[in-house]
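Beneath this line is the structure, given in structure tokens, with notes to follow.
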Amino acid sequence: QQQVKQSPQSLIVQKGGIPIINCAYENTAFDYFPWYQQFPGKGPALLIAIRPDVSEKKEGRFTISFNKSAKQFSLHIMDSQPGDSATYFCAASKPAGNKLTFGGGTRVLVKP
Amino acid sequence: DGGITQSPKYLFRKEGQNVTLSCEQNLNHDAMYWYRQDPGQGLRLIYYSQIVNDFQKGDIAEGYSVSREKKESFPLTVTSAQKNPTAFYLCASSPWDRRTEAFFGQGTRLTVV
């Protein structure tokens, strides 16, 4: 059972465009929602995270939007650059949780 | 430099052989994790350990074994019982007070030949 569903699987945008990646979760006990960025052949790195008490969080060009009632959250990459080309994973965990449940990943390609 | 070191980066194994993947961290993190990554399936948890000499099965533990004899080290053995071991394996660690903020190693790509 996939508890965190991520879409789309891949995305191509032109430089300056805004790729949007969506995630939906089933378990209402989840209360921490991070996004990880992974470059080919490397391990994922924490990019940005949100908790359900806020509806939006921005860090640089990356923004998370959170809709608690719909059990959905999304990542927007503003003014995307070719260097943002990577695979992005959403994840979720429970309160006092000790493990993350990951989505399936989205491969983003930003064309120059 | 603090971080997580996985070795080797590439590993080839013959069918029927056990193989051990190394993971060492010098971040003084209490928790350590092993994930398996396959295309289109995200990261799936194999095993995790919160403290030394204790570990729990994750979602896909069959065919794998681990040990946690030292805080810094969490080796993963892929046994011959694992039916489809070819994958990218990722080790991660996290501090006790932020257990879901995982820091990942660079991964080991295992290929069965």
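If you read the sequences in order, they're chains A and B. Numbering-wise, our numbering puts 81 at position 81 of the first sequence, and it's gapless, one number per residue. If you count the second sequence from 1, you need to add 1000 to reach our numbering. Glycine included, each C-beta is placed from N, C-alpha and C at the ideal position.
- Task: Over the uninterrupted beta strand (DSSP E) stretch that includes I21(A), give me the two end residues.
- Result: Walking along the first sequence from the start, residue 21(A) turns up at place 21. It spans 20-25 - the beta strand (DSSP E) in which I21(A) sits, taken as one unbroken run.
- Is it a yes or a no for the segment 1019-1030 of chain B touching the segment 1069-1076 of chain B, going by three-plus beta-carbon pairs under 8 Å? Inter-segment contact for the segment 1019-1030 of chain B and the segment 1069-1076 of chain B is present: three or more beta-carbon pairs are separated by less than 8 Å.
- By the criterion of Cβ-Cβ separation under 9 Å, what are the contact partners of Y1048(B) in chain A? Along the second sequence, one-based indexing puts residue 1048(B) at 48. Think of a sphere of 9 Å around the beta carbon of Y1048(B): the chain A residues whose beta carbon falls inside it are N98, K99, in chain order.
- Got a sec? Which residues, its chain only, sit under 7 Å from S1080(B) by beta carbon, not counting five neighbours each side? As a first step, residue 1080(B) must be located in the second sequence, where it is residue number 80. The answer, listed in chain order, is G1016, Q1017, N1018.
- Query: Taking the beta strand (DSSP E) that M78(A) falls in, what are its first and last residues?
  - Reply: Taking the first residue of the first sequence as 1, we reach residue 78(A) at position 78. Note, M78(A): premise wrong, no beta strand (DSSP E); not H, not E.
- Take the Cβ of A92(A) as the centre, count every other Cβ of all protein chains shown within 10 Å, and call the residue buried at 16 or more, exposed below. Counted from its first residue, the first sequence places residue 92(A) at position 92. Only buried fits A92(A), as 16 or more other CB atoms lie within 10 angstroms of its CB.
- Name, in chain order, the residues that DSSP records as bridge partners for F1074(B). Counted from its first residue, the second sequence places residue 1074(B) at position 74. Beta-bridge pairing links F1074(B) to no other residue.
- Taking C-beta pairs closer than 8 Å, name the residues in chain B that Y32(A) reaches, listed in chain order. For the purposes of this step, residue 32(A) is taken as residue 32 along the first sequence, with counting starting at 1. Ordered by position in chain B, the residues that pass the 8 Å Cβ test against Y32(A) are T1100.
- Message: Less than 6 Å between C-beta atoms, sequence neighbours within five positions excluded: which residues of the same chain meet that for I48(A)?
- Response: By 1-based counting over the first sequence, the position of residue 48(A) is 48. Residues W35, E59, F62, I64 of the same chain have their beta carbon placed closer than 6 Å to that of I48(A), with the five preceding and five following residues left out of the count.
- Rounded C-alpha distance that separates A1061(B) from L1045(B): Indexing the second sequence from 1 puts residue 1061(B) at position 61. Indexing the second sequence from 1 puts residue 1045(B) at position 45. Rounded to whole angstroms, A1061(B) to L1045(B) spans 8 Å at the Cα level.
- Buried or exposed by the 16-neighbour rule on C-beta atoms within 10 Å, applied to P44(A): The residue you call residue 44(A) lines up with position 44 of the first sequence. It is buried - the Cβ of P44(A) has at least 16 other Cβ atoms within 10 Å.
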